[in-house]
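Using this note's numbering, count along the sequence shown one by one with no gaps and you end on 68.
Ideal placement from N, C-alpha and C gives every residue a C-beta, glycine not left out.
From a predicted model like this one, the values you see are computed outputs, not experimental measurements.
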Amino acid sequence: MSDKTDYSKTVNLHESPFPMRGNLAKREPGWVKQWQEQKRYQKLREKAAGRPKFILHDGPPYANGDI
């Protein structure tokens with residue numbers, strides 16, 4: 002039994018365009034800069050203009066009392 006079988010081709014691994022590590026601290030400033038250049042916040046505000054205000058009541062009272 003000296004023949005070694007290469008099983009690496011038999012494993013069905015998913016290929017993803019996402020990096021293996023997030024590196025959020027390094028990548029987030031670039032995203033923020035890109036969003037500012039594209040004026041995304043201003044576009045969201047323009048798109049929401051004229052809509053009724055939405056309020057999400059989140060917080061106390063909690064089912065188990067105060068935190």
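Simplified DSSP state of residue i, which is helix, strand or coil
{"i": "LEU60", "result": "Checking the displayed sequence, the identity of residue 60 turns out to be Gly instead of Leu. Reduced to three states, the DSSP call for GLY60 is coil."}
{"i": "VAL33", "result": "helix"}
{"i": "GLU16", "result": "coil"}
{"i": "THR6", "result": "coil"}
{"i": "LYS44", "result": "helix"}
{"i": "LYS27", "result": "helix"}
{"i": "ALA49", "result": "helix"}
Cβ shell of residue i (< 8 Å), same chain only, five flanking positions each side left out
{"i": "SER9", "result": "none"}
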